[in-house]
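Peer 1: Okay, here's the structure, questions in a sec.
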Amino acid sequence: MAKLSRRQFGAALAAVGGHWAVPMIGALPAVHLGARPLVTHGVASGDVEASSAVIWSRCDQAARMVVEWSEDESFRTRQRRVGPVTGPESDHTAKMLLRDLPTGRRIFYRVCFEDRQGVAGDWEAGSLVTAGTATGPGSEVHFVWSGDTCGQGYGIDEGRGGMRTYQSMLAQNPQFFVHSGDTIYADNLLAAEMRLPDGTLWKNRVTEEKSKVAETLGEFRGNYRYNVLDAHVRRFNARVPMFAQWDDHEVLNNWYPGELLPVSAGYRVRDVNLLAARSRQAFFEYMPIRNHPERQIYRRIRRGPHCELFFLDLRSYRGPNSSNRQPISGPETDYLGRTQLDWLKESIAASTATWKFVCSDMPLGLLVRDGADAFENGANGDGIPLGRELEIASLLRHLRDHRIRNVVWLTADVHYCASHFYDPAQAQFSEFDGFWEFVSGPLHAGTFGPGTLDNTFGPQVRFSSRKPGQAVSGPWSTEQFFGSVRIAPVTQVATVTHLNRDGQRLWSVDLEPARA
Numbered sequence: 001m002a003k004l005s006r007r008q009f010g011a012a013l014a015a016v017g018g019h020w021a022v023p024m025i026g027a028l029p030a031v032h033l034g035a036r037p038l039v040t041h042g043v044a045s046g047d048v049e050a051s052s053a054v055i056w057s058r059c060d061q062a063a064r065m066v067v068e069w070s071e072d073e074s075f076r077t078r079q080r081r082v083g084p085v086t087g088p089e090s091d092h093t094a095k096m097l098l099r100d101l102p103t104g105r106r107i108f109y110r111v112c113f114e115d116r117q118g119v120a121g122d123w124e125a126g127s128l129v130t131a132g133t134a135t136g137p138g139s140e141v142h143f144v145w146s147g148d149t150c151g152q153g154y155g156i157d158e159g160r161g162g163m164r165t166y167q168s169m170l171a172q173n174p175q176f177f178v179h180s181g182d183t184i185y186a187d188n189l190l191a192a193e194m195r196l197p198d199g200t201l202w203k204n205r206v207t208e209e210k211s212k213v214a215e216t217l218g219e220f221r222g223n224y225r226y227n228v229l230d231a232h233v234r235r236f237n238a239r240v241p242m243f244a245q246w247d248d249h250e251v252l253n254n255w256y257p258g259e260l261l262p263v264s265a266g267y268r269v270r271d272v273n274l275l276a277a278r279s280r281q282a283f284f285e286y287m288p289i290r291n292h293p294e295r296q297i298y299r300r301i302r303r304g305p306h307c308e309l310f311f312l313d314l315r316s317y318r319g320p321n322s323s324n325r326q327p328i329s330g331p332e333t334d335y336l337g338r339t340q341l342d343w344l345k346e347s348i349a350a351s352t353a354t355w356k357f358v359c360s361d362m363p364l365g366l367l368v369r370d371g372a373d374a375f376e377n378g379a380n381g382d383g384i385p386l387g388r389e390l391e392i393a394s395l396l397r398h399l400r401d402h403r404i405r406n407v408v409w410l411t412a413d414v415h416y417c418a419s420h421f422y423d424p425a426q427a428q429f430s431e432f433d434g435f436w437e438f439v440s441g442p443l444h445a446g447t448f449g450p451g452t453l454d455n456t457f458g459p460q461v462r463f464s465s466r467k468p469g470q471a472v473s474g475p476w477s478t479e480q481f482f483g484s485v486r487i488a489p490v491t492q493v494a495t496v497t498h499l500n501r502d503g504q505r506l507w508s509v510d511l512e513p514a515r516a
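Numbering (the working numbering), first residue to last: 1 to 516.
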């Protein structure tokens, strides 16, 4: 690769724009001569809209990110952008926001890194699809969602094919992937071997960072690096953009702000706020999410005229896990928190998309306990809204009062897949229009459930992958799950399908859009 002139370099930096701009190439530290900068963990894209996308990669040394993109896979004609310098402060990860992309097209991109002498490593290629228009190219919307990667001690067993659910999701050829949280299991270490119920051994690939719970920034980073050691994950990341949110295991099980871990938890770092800050930094370094000055995870992404997604963060602004039975709203009942709840109400009311998908890291009406007496999500048992349910009731009433139609919830967290219809006629609180919630996962983790429903908002089970009393399972079986959503360009019918680890269809429903 030719060395960039100062004028070319300045022009490329201007094209990156905003807080994505970075220091001049003279700021690059020296490296050993002859050591070409190499991509270490593949490439990924994320938060792709009609004309913009985030591109991510990681280098083995301090070097500058270079991205080329084209509508031609051969790159005969191409656009070139120069991005940030990697360094130890970001664990040598780098992201670039591409702008002015053509709408509704498959974009081929490639990434390399260049040192201060102009020496570049090999290109690593990927592709993405930008959001389309109502009738033009890319007018159909197709995406997959799931959660829970590398949990309950199940890491990469290459003898069993690695993380096979990612291979099956790739075979669906989706335009993008919603990761509903638990992108890592920072609190789950990996043993070299585990005995399975059939007597065989699960044999993990093990790294130093996955041999203990994550406490240092380096250990959180190592959890993200571990997942992309899997060949299926790397291939999937290169071909399918990820829209990521987090849940609890990015930090530790059932965490909340202000928590102080007991000595018996086995952590040297007991301050959960400190653990969460380190985890959040690693999340933004390793996920292809748009940068934000406050590392804010909740956001909205538009995918053409018929699809908008609203990503929630049910971790960062919640009150402590408690009995969750408070009759009046206050700091102890915060779930989304006032600022995020107001943002969601205003954003979803302003949306002109046919379908509005609320991407939640936890289901609404399933009981998820934190110990014997506390609750982890909003549900707290049958009856009128109390505790965190007060926020949910306020949101549902707002949607009804403002006649906001075609709202669908997508989530994971509970390690089985299910379809719930929330029916006001069956609810203790009925001031809302009926809506669907679809639960998926795990991608590569233990499988259990089904959970117990709370009747406050009237959830009705229309499908469940698990039966009461069924034995726990894991990624050695087909009981790993993901979901698919297709929106037809003409009718705007949304088809939601549950699939298992091998891509077999388990259940499907066609949702007709309500017309204004």
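Glycine residues also receive a C-beta, built at the ideal position from the N, C-alpha and C atoms.
Which residues in the same chain as S508 place their Cβ atom closer than 8 angstroms to its Cβ, once the five residues preceding and following it in sequence are excluded?
Peer 2: These residues qualify, in order along the chain: T495, V496, T497, H498.
Peer 1: In the DSSP output, which residue or residues are listed as bridge partners for Y422?
Peer 2: DSSP, once it has assigned bridges, lists F435, P459 as partnering Y422.
Peer 1: So, helix, strand or coil for Q152, using DSSP?
Peer 2: Three-state result, Q152: coil.
Peer 1: Between which residues of its own chain and R295 is the CB-CB distance below 7 angstroms, once the five residues before and five after are set aside?
Peer 2: So the list reads R280, F284, once near-sequence residues are dropped.
Peer 1: Where S57 and L453 are concerned, what is the direct C-alpha to C-alpha distance, given to the nearest angstrom?
Peer 2: So the alpha carbons of these two residues sit roughly 41 angstroms apart.
Peer 1: Which complete beta strand (DSSP E) runs does the segment 168-243 hold, if anything under 3 residues is left out?
Peer 2: Those beta strand (DSSP E) runs which fall completely within the segment 168-243 and span 3+ residues are 176-179, 193-195, 201-203.
Peer 1: Return the chain-ordered list of same chain residues with a C-beta closer than 6 angstroms to the C-beta of P88, the five sequence neighbours on each side being excluded.
Peer 2: Around P88: no qualifying Cβ.
Peer 1: Please report the straight-line C-alpha distance between G18 and A125, rounded to a whole angstrom.
Peer 2: Low confidence applies here, because G18 scores a pLDDT of 34, under 50, leaving its location unreliable and the question unanswered by this model.
Peer 1: Under 8 angstroms, with one C-beta from each stretch per pair, do the segment 144-160 and the segment 170-187 reach the 3-pair mark?
Peer 2: Yes: at least three Cβ pairs fall under 8 angstroms.
Peer 1: Where does H142 fall in DSSP's three states?
Peer 2: Strand at H142.
Peer 1: For A125, does the three-state DSSP call read helix, strand or coil?
Peer 2: Three-state DSSP puts A125 in a strand.
Peer 1: Please check if any C-beta of chain B sits within less than 8 angstroms of the C-beta of E89.
Peer 2: In the structure shown, chain B cannot be found, because there is only a single protein chain.
Peer 1: Anyone know if the C-beta pair for Y422 and F457 falls short of 8 angstroms?
Peer 2: Closer than 8 angstroms, so yes.
Peer 1: Quick one: measure Cβ to Cβ for A488 and E140, integer angstroms, because I've assumed they're closer than 8 angstroms.
Peer 2: Contact holds; Cβ gap of about 7 angstroms.
Peer 1: Helix, strand or coil for F283? Go by DSSP, reduced to three states.
Peer 2: Helix.
Peer 1: Going by the beta-carbon positions, is the gap between G387 and N324 smaller than 8 angstroms?
Peer 2: It is a contact, given that the beta carbons lie within the stated cut-off.
Peer 1: Let me know if H41 comes out buried or exposed under the rule of 16 or more other beta-carbons within 10 Å of its beta-carbon.
Peer 2: Buried, because 16 or more other Cβ atoms sit within 10 Å of the Cβ of H41.
Peer 1: Do T200 and T501 come within 8 angstroms of each other at the CB atom, strictly closer than that value?
Peer 2: According to the sequence shown, residue 501 is Arg rather than Thr. Cβ atoms of R501 and T200: not closer than 8 angstroms.
Peer 1: Provide the residue span of the beta strand (DSSP E) that contains S45, from first to last.
Peer 2: Element bounds for S45: 39-46.
Peer 1: Are the beta-carbon atoms of F243 and F176 separated by less than 8 angstroms?
Peer 2: Taking 8 angstroms as the Cβ cut-off, F243 and F176 qualify as a contacting pair.
Peer 1: On the CB-based measure, 16 or more other CB atoms within 10 Å of its CB, does I184 come out buried or exposed?
Peer 2: Buried, because 16 or more other Cβ atoms sit within 10 Å of the Cβ of I184.
Peer 1: Can you name, in chain order, every residue of its own chain whose Cβ lies under 7 angstroms from the Cβ of F429, other than the five neighbours on each side?
Peer 2: Cβ neighbours of F429 beyond the five flanking positions: I384, P385, A393, T456, F457.
Peer 1: Where G218 and D91 are concerned, what is the direct C-alpha to C-alpha distance, given to the nearest angstrom?
Peer 2: Taking the straight line joining both Cα atoms gives about 8 angstroms.
Peer 1: What's the call for G118, buried or exposed, on a 16-neighbour Cβ count within 10 Å?
Peer 2: By the neighbour-count rule (16 or more Cβ atoms within 10 Å), G118 is not buried but exposed.
Peer 1: Helix or strand or just coil, what does DSSP make of K356?
Peer 2: DSSP places K356 in strand when its eight states are reduced to three.
Peer 1: Which whole-angstrom value describes the C-beta separation of L128 and A53, a residue pair presumed to lie in contact below a C-beta threshold of 8 angstroms?
Peer 2: Between A53 and L128 the Cβ distance is about 6 angstroms, and since that is below 8 angstroms, they are a contact.
Peer 1: Cα separation between A412 and A35?
Peer 2: Answer to the nearest angstrom: the Cα atoms are 43 angstroms apart.
Peer 1: For P174, I'd like the list of residues in its chain whose CB is within less than 8 angstroms of its CB, leaving aside the five on either flank, ordered along the chain.
Peer 2: H142, F143, V144, V240, S484, listed in sequence order.
Peer 1: Just to confirm before moving on: does the CB-CB distance between L98 and I156 stay below 8 angstroms?
Peer 2: The answer is no: Cβ separation not under 8 angstroms.
Peer 1: Which of the three DSSP states is assigned to I392 in this structure?
Peer 2: Reduced to three states, the DSSP call for I392 is helix.
Peer 1: For G337, which of T354, P327, Y317 has the nearest alpha-carbon?
Peer 2: For the residues T354, P327, Y317, the minimum Cα distance to G337 belongs to Y317.
Peer 1: What residue range does the alpha helix (DSSP H) around A350 cover?
Peer 2: It spans 338-350 - the alpha helix (DSSP H) in which A350 sits, taken as one unbroken run.
Peer 1: Label P442 either buried or exposed according to how many other C-beta atoms from any shown protein chain fall within 10 Å of its C-beta, with 16 as the threshold for buried.
Peer 2: Buried: at least 16 other Cβ atoms inside 10 Å.
Peer 1: Going by the CB atoms, is the gap between E250 and P363 shorter than 8 angstroms?
Peer 2: No, the Cβ-Cβ distance between P363 and E250 is not below 8 angstroms.
Peer 1: What did DSSP end up calling A277 once you bin it into helix, strand or coil?
Peer 2: Helix.
Peer 1: Tell me the rounded alpha-carbon separation between P331 and R315.
Peer 2: Cα-Cα distance, rounded: 14 angstroms.
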